[in-house]
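Enquirer: I have a structure here, written as structure tokens, and I will follow up with some questions on it.
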Amino acid sequence: MIMDKKTILEDVEGRIQSALKSGDALTASVCRMAKSELTNARIALRSGKSPRDMTLEDEISVIKKILKRNEDAAEQFLKAGSHERAAQEKSEMAVLQGYLPEQASPEDVKAFILETIQSLKAPNIGQVVAAVKQKWGAGVDMKQASTYIKEALSK
Numbered sequence: 313m314i315m316d317k318k319t320i321l322e323d324v325e326g327r328i329q330s331a332l333k334s335g336d337a338l339t340a341s342v343c344r345m346a347k348s349e350l351t352n353a354r355i356a357l358r359s360g361k362s363p364r365d366m367t368l369e370d371e372i373s374v375i376k377k378i379l380k381r382n383e384d385a386a387e388q389f390l391k392a393g394s395h396e397r398a399a400q401e402k403s404e405m406a407v408l409q410g411y412l413p414e415q416a417s418p419e420d421v422k423a424f425i426l427e428t429i430q431s432l433k434a435p436n437i438g439q440v441v442a443a444v445k446q447k448w449g450a451g452v453d454m455k456q457a458s459t460y461i462k463e464a465l466s467k
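For the sequence shown, our numbering gives the first residue as 313, with consecutive numbering after it.
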């Protein structure tokens with residue numbers, strides 16, 4: 313992860329200033345958008361039914377949502393034949409990728425899932441998902457892990 317500071321939001325704010333000073337319009341624009349999304353999420357958490365402060369996991373979740381939205385947009389632009397716009401979306405994604413924790417390798421995830429299933433007497437998908445989340449948290453693609461779990465349980 314890129315961060316040197318306490319929170320992703322604080323780091324993004326610092327990157328905005330650095331990008332503006334260096335003339336990096338892309339990074340400044342992407343970080344402004346991320347700051348807005350993070351701030352909105354923080355406000356939503358503080359004003360909800362059970363107010364609480366934003367955690368690192370919450371911040372990572374916001375960054376993942378932004379990246380997913382950019383990925384979807386890039387795919388749509390490619391389908392429409394707009395390669396320049398797709399490249400722009402991918403460039404924006406590259407700015408934020410560093411905020412995600414290092415991802416566990418698919419091989420490690422598969423091996424852990426198989427070990428977990430073998431260690432449980434009557435495993436169900438919820439138990440295995442919980443074990444994967446406990447071990448890696450945000451460091452694993454849960455959509456892919458879920459696919460691996462379903463495959464392993466169906467055998």
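Using N, Cα and C, we set each Cβ at its ideal position, and we do this for glycine too.
(1) In this structure, how does DSSP classify residue 434 when only helix, strand and coil are distinguished?
(2) Nearest-angstrom Cα distance between residue 448 and residue 414?
(3) Give a yes or no on contact between the region 401-421 and the region 447-462, applying the rule of three or more CB pairs nearer than 8 Å.
(4) Would you check if the distance between the CB atom of residue 372 and the CB atom of residue 346 is smaller than 9 Å?
(5) Look up residue 394 in the DSSP assignment and say whether it is helix, strand or coil.
(6) Kindly indicate the opening and closing residues of the alpha helix (DSSP H) around residue 322.
(7) Can you find at least 3 beta carbon pairs, one from the region 363-372 and one from the region 347-354, that sit closer than 8 Å?
(8) How is the alpha helix (DSSP H) around residue 347 delimited, first residue to last?
(9) So residue 443 and residue 428 are supposed to be a Cβ contact under 8 Å. How far apart are they, rounded?
(10) Looking at the secondary structure, which residues open and close the alpha helix (DSSP H) in which residue 459 lies?
(11) Out of 461, 332 and 358, point me to the one whose CA is closest to residue 438's CA.
Expert: Working from what's here:
(1) coil
(2) 10 Å
(3) yes
(4) no
(5) coil
(6) 320-334
(7) yes
(8) 337-358
(9) 5 Å
(10) 454-465
(11) 461
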